[in-house]
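> As given, the protein sequences belong to chains A and B, one line each in that order. Numbering of the first sequence is given in UniProt numbering, commencing with residue 1 and proceeding in unit increments. Numbering of the second sequence is given in UniProt numbering, commencing with residue 1 and proceeding in unit increments. We put the CB at the ideal spot given by N, CA and C, even for glycine. This structure is a prediction, so every number in the text was calculated from the model and none was measured.
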Amino acid sequence: MVETLSKNPRVTGFGTLHRSTIGRKMIMAVSGLAMLGFVVVHMVGNLKIFFGETEFNEYAHWLRTIGEPALHHEWFLWIMRVGLIVALVAHFWAAITLSRHDVKARPVKYQAKRKGGYATTLMRWGGVTLALFIVYHILDMTTGTVNPATTNEPYDRITSGFGEWYNVVFYTLAMGALCAHIWHGLWSAANTLGWNRATTAGFRTFAVVFALAVAFGFLLIPYSVVFGLVD
Amino acid sequence: MKLKLKIWRQKNAVDAGGMVSYDLEGVSTDMSFLEMLDTLNEKLIMEGEDPVAFDHDCREGICGSCGVVINGDAHGPEQTTTCQLHMRSFKDGEEIIIEPWRAAPFPVIKDLVVDRGAFDRIIGAGGYITAPTGSSPEGNSTRIPKPDADAAFANATCIGCGACVAACPNGSASLFVSAKVTHLNLLPQGQPERTTRVLDMVEQMDAEGFGGCTNTGMCTVSCPKEIPFTSIANLNKEYRRAVQQSNKA
Ligand code: HEM
Ligand code: SF4
Ligand code: FES
Chain A
1 MVETLSKNPR
11 VTGFGTLHRS
21 TIGRKMIMAV
31 SGLAMLGFVV
41 VHMVGNLKIF
51 FGETEFNEYA
61 HWLRTIGEPA
71 LHHEWFLWIM
81 RVGLIVALVA
91 HFWAAITLSR
101 HDVKARPVKY
111 QAKRKGGYAT
121 TLMRWGGVTL
131 ALFIVYHILD
141 MTTGTVNPAT
151 TNEPYDRITS
161 GFGEWYNVVF
171 YTLAMGALCA
181 HIWHGLWSAA
191 NTLGWNRATT
201 AGFRTFAVVF
211 ALAVAFGFLL
221 IPYSVVFGLV
231 D
Chain B
1 MKLKLKIWRQ
11 KNAVDAGGMV
21 SYDLEGVSTD
31 MSFLEMLDTL
41 NEKLIMEGED
51 PVAFDHDCRE
61 GICGSCGVVI
71 NGDAHGPEQT
81 TTCQLHMRSF
91 KDGEEIIIEP
101 WRAAPFPVIK
111 DLVVDRGAFD
121 RIIGAGGYIT
131 APTGSSPEGN
141 STRIPKPDAD
151 AAFANATCIG
161 CGACVAACPN
171 GSASLFVSAK
181 VTHLNLLPQG
191 QPERTTRVLD
201 MVEQMDAEGF
211 GGCTNTGMCT
221 VSCPKEIPFT
231 SIANLNKEYR
241 RAVQQSNKA
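1. List the DSSP bridge partners of B:TYR22.
2. Whose CA, out of B:GLY124, B:GLU78, B:LYS11, lies closest to the CA of B:THR196?
3. What is the DSSP secondary structure of B:ASP73, counted as helix, strand or coil?
4. Can you check whether the C-beta of A:PRO69 is within less than 9 Å of a C-beta belonging to chain B?
5. Below 7 Å on C-beta distance, what does B:GLU203 contact in chain A?
6. How should B:ARG240 be labelled, buried or exposed, when 16 other C-beta atoms within 10 angstroms of its C-beta is the threshold for buried?
7. Considering only C-alpha positions, which residue in the set B:GLY162, B:GLN245, B:ILE122, B:GLN244 is nearest to B:GLU203?
8. Output the distance between the C-alpha atoms of A:ILE158 and A:THR150, rounded to the nearest integer angstrom.
9. Strictly under 9 Å for the Cβ-Cβ distance: is A:LEU63 near chain B by that measure?
10. Nearest by alpha-carbon distance to B:GLY217: which of B:ALA151, B:ASP23, B:LEU44, B:SER172 is it?
11. B:GLY211 by DSSP, collapsed to three states: which one?
12. Would B:LYS225 be called buried (16 or more neighbouring beta carbons within 10 Å of its own) or exposed?
13. For my contact list, B:GLY211 and A:HIS184 are in at a C-beta cut-off of 8 Å; report their separation, rounded to the angstrom.
14. Beta-carbon within less than 6 Å of B:MET36's beta-carbon, same chain only, minus the 5 sequence neighbours each way: which residues are those?
15. Looking at the C-beta of B:THR230, does it have a partner C-beta in chain A at a distance below 9 Å?
16. When you compare the CB positions of B:ALA103 and A:ALA105, do they come within less than 9 Å of one another, or not?
17. Kindly indicate if chain E contains any beta-carbon less than 9 Å away from that of A:LEU130.
18. Would you call A:LYS154 buried or exposed, if buried means 16 or more other Cβ atoms sit within 10 Å of its Cβ?
19. First and last residue of the beta strand (DSSP E) that includes B:LYS110?
20. In the DSSP output, what is A:VAL86 paired with across the bridge?
21. Taking only three categories from DSSP, how would you classify A:GLU74?
22. Considering only their Cβ atoms, is the gap separating B:LYS110 from B:ALA163 smaller than 9 Å?
23. By the criterion of Cβ-Cβ separation under 8 Å, what are the contact partners of B:ASN215 in chain A?
24. Kindly give me the distance between the Cβ atoms of B:HIS33 and B:THR82, rounded to whole angstroms, as I take these residues to be in contact under 8 Å.
25. With 16 as the cutoff for other CB atoms within 10 Å, does B:GLU238 come out buried or exposed?
26. If we cut at 9 Å on Cβ distances, does B:PRO145 have a partner in chain A?
27. Assign B:SER89 to one of three DSSP states: helix, strand, or coil.
28. Measuring only from the beta carbon, is B:GLY160 closer than 8 Å to any heavy atom that is part of the ligand SF4?
29. Count the C-beta pairs between the region 175–189 of chain B and the region 142–149 of chain B that are closer than 8 Å, then say yes if the count reaches three, no if not.
30. From the beta carbon of A:VAL30, is the nearest beta carbon of chain B less than 9 Å away?
31. For a cutoff of 9 Å on Cβ pairs, would you count A:PHE14 as touching chain B?
32. Interface residues of chain B around A:MET123 at Cβ under 8 Å?
33. I'd like to know if B:ALA53 contacts chain A, where contact means its C-beta is closer than 9 Å to some C-beta of that chain.
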């Protein structure tokens, strides 16, 4: 017997789901879907940039006031951030531990390569690309550390940031990784959670269209800056 | 037809093993893949060499013992068992690379033969029903809705060959386990163990060292019995249900 997850005690309820491969995969699916929910709202919100500088900056400030006066200024944002960090850490942990378990299960590779089965590799390397992107993106748009803008206004950060070619290239690559991740991940999560059946085959196509729409929506902004539609 | 074979040769479980090339002539397109290997082995025996060891029994696609990876595909280019694959699926002069199933829980015993005892232990963990001994009950006394009977039957056709594990980039046994769980959990006879079955079989599958499912679907396209991919979604659904049940307990 191979020593992998074998030493784990049995799953006895949702609190111990992390002990099995399927349980871990469910954690990956739920955290992935939570992040996807955020990603979609974020993409749609960003489109406010097409209504002009004032309205976009007002939107960004409004985000900090959600829930007031019940919540203190920026509390809503911090609750969201903590939730996203928990989801990201859970997702990343499940991805790493499961991938290591999977690699151990095929210690000797085949000499003849077969076509297909790329989704797994794409998810793993695409996921790493996304992790790097998330760090860079926060330093770029949230803290402004690596952003060339001279003010702290979100609109300025976008137009200045995408004035640099390397940002456009990196954001495009990252959105490609995001698109691929949702392409496989959305449908995959439905399978992991046991929702797919013969009659839901169309969901696979839906996931692909959804993935393309999300990536397209995000990329509208840098390319609008490049082509002078937003300045 | 003439073939250039490249076959994995490994003396025993501890030998490092390696690929060995053989030229084989006089192969007919009507031969099955195993008959082609028999032809090679006759030649090797005549030359005083050790014949290539491979697993087989029924040679009619029902026992699940045969199975090798042919040019990277589990059971070769057709969606059938290796014994039911015919040489007409190959071209004259073609190079054919033959390897054993590769997965940590399926150690090579010799050449192309692997130990699939891990599957037996998964079955032992929950792939059974509690049945009274004695004379068999009247056949029609337990009624089963037609759609359930059909789905259970489709999943019951799994012959435990292990091609799904061999084809999966993660060496996952999910399709095999899902076929067994779907088959037994759908039927009234399988209800007493419905919850423990899926928990125990998944626990054993993990303990044996099979990888997890990443929903690539490579298993289904290699399965000679066409076990549908939705069986894995059903395994996950049964697993979710069982965890919920044990939450309450
Ligand atoms: C930290 C960066 C990330 C890494 C390392 C990562 C890695 C992975 C891996 C390895 C998988 C499993 C793929 C497979 O089963 O073939 C996966 C699935 C998934 N990921 Fe990510 N990912 C990351 C970020 C994200 C983000 C930002 C989202 C939100 C859009 C997301 C959404 C999903 C979804 C929905 C799944 C499907 C879960 C399933 O297959 O059941 N991931 N991720
Ligand atoms: S699911 Fe298909 S490929 Fe896997 S063991 Fe059963 S018959 Fe073989
Ligand atoms: S020898 Fe029985 S299935 Fe091939």
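In terms of the structure at hand:
1. The residue labelled residue 22 of chain B in the question sits at position 22 within the second sequence. In DSSP, B:TYR22 forms a bridge with B:LEU5.
2. The residue labelled residue 196 of chain B in the question sits at position 196 within the second sequence. Out of B:GLY124, B:GLU78, B:LYS11, B:GLY124 has the C-alpha closest to the C-alpha of B:THR196.
3. As a first step, residue 73 of chain B is located in the second sequence; it is residue number 73 there, counting from the start. Reduced to three states, the DSSP call for B:ASP73 is strand.
4. In the first sequence, counting from the first residue as 1, residue 69 of chain A sits at position 69. So no, A:PRO69 is outside the interface.
5. Position 203 of the second sequence, counted from the first residue, corresponds to residue 203 of chain B. Those are ARG10, SER20, listed as they occur along chain A.
6. As a working note, residue 240 of chain B is residue 240 in the second sequence. So B:ARG240 ends up on the buried side.
7. In the second sequence, the residue the question calls residue 203 of chain B occupies position 203. If we check each option's Cα against that of B:GLU203, B:ILE122 comes out closest.
8. By 1-based counting over the first sequence, the position of residue 158 of chain A is 158. By 1-based counting over the first sequence, the position of residue 150 of chain A is 150. If I take the Cα positions, the gap works out to 12 Å.
9. Sequence index remark: in the first sequence, residue 63 of chain A carries index 63 (1-based). Output row for A:LEU63: interface = no.
10. Here residue 217 of chain B is taken as the residue at index 217 of the second sequence, counted from 1. It is B:SER172 whose Cα lies nearest to the Cα of B:GLY217.
11. Sequence index remark: in the second sequence, residue 211 of chain B carries index 211 (1-based). Strand at B:GLY211.
12. Looking up residue 225 of chain B in the second sequence gives position 225. The residue in question, B:LYS225, is buried, as its Cβ has 16 or more Cβ neighbours within 10 Å.
13. Locating residue 211 of chain B in the second sequence gives position 211, counting from the first residue. Locating residue 184 of chain A in the first sequence gives position 184, counting from the first residue. Contact flag wrong, Cβ pair sits at about 17 Å.
14. The sequence position of residue 36 of chain B within the second sequence is 36, counting from 1. These residues qualify, in order along the chain: VAL27, MET87.
15. Taking the first residue of the second sequence as 1, we reach residue 230 of chain B at position 230. Answer yes: the Cβ-Cβ gap between B:THR230 and chain A drops below 9 Å somewhere.
16. Mapped onto the second sequence, residue 103 of chain B falls at position 103. Mapped onto the first sequence, residue 105 of chain A falls at position 105. Yes; because the gap between Cβ atoms is below 9 Å, this pair is in contact.
17. Among the protein chains of the structure shown, namely A and B, there is no chain E.
18. As a working mapping, residue 154 of chain A is identified with position 154 in the first sequence. Residue identity differs from the one stated: residue 154 of chain A is Pro in this sequence, not Lys. Result: buried.
19. As a working note, residue 110 of chain B is residue 110 in the second sequence. That run of the beta strand (DSSP E) goes 108–110.
20. Locating residue 86 of chain A in the first sequence gives position 86, counting from the first residue. According to DSSP, which records beta bridges pairwise, A:VAL86 is partnered with nothing at all.
21. Translated into the one-based positions of the first sequence, residue 74 of chain A becomes position 74. The answer is coil: DSSP assigns A:GLU74 none of H, G, I, E or B.
22. The residue given as residue 163 of chain B occupies position 163 in the second sequence. The residue given as residue 110 of chain B occupies position 110 in the second sequence. Not in contact: B:ALA163 and B:LYS110 (Cβ atoms no closer than 9 Å).
23. Counting from one through the second sequence, the residue named residue 215 of chain B turns up at place 215. The contacting residues are ALA119, HIS184, TRP187, SER188, ASN191, THR192.
24. Along the second sequence, read from residue 1 onward, the residue named residue 33 of chain B stands at position 33. Along the second sequence, read from residue 1 onward, the residue named residue 82 of chain B stands at position 82. Note on residue identity: the sequence assigns Phe, not His, to residue 33 of chain B. Their Cβ separation, rounded to whole angstroms, is 5 Å, which keeps B:PHE33 and B:THR82 in contact under 8 Å.
25. Walking along the second sequence from the start, residue 238 of chain B turns up at place 238. Its Cβ being crowded by 16 or more others within 10 Å, B:GLU238 is buried.
26. Along the second sequence, read from residue 1 onward, the residue named residue 145 of chain B stands at position 145. It does not: the Cβ of B:PRO145 has no partner Cβ on chain A nearer than 9 Å.
27. Working through the second sequence from its first residue, we reach residue 89 of chain B at position 89. DSSP places B:SER89 in helix when its eight states are reduced to three.
28. Here residue 160 of chain B refers to the residue found at position 160 when the second sequence is read from its first residue. B:GLY160 Cβ: within cutoff of the ligand SF4.
29. yes
30. Translated into the one-based positions of the first sequence, residue 30 of chain A becomes position 30. Taking Cβ atoms only, chain B never reaches closer than 9 Å to A:VAL30, which makes this a no.
31. Numbered from its first residue, the first sequence carries residue 14 of chain A at position 14. A:PHE14 counts as touching chain B.
32. Reading the first sequence from its first residue, position 123 is the one you call residue 123 of chain A. THR214, listed in chain order.
33. The count along the second sequence starts at 1 and reaches residue 53 of chain B at position 53. Taking Cβ atoms only, chain A never reaches closer than 9 Å to B:ALA53, which makes this a no.
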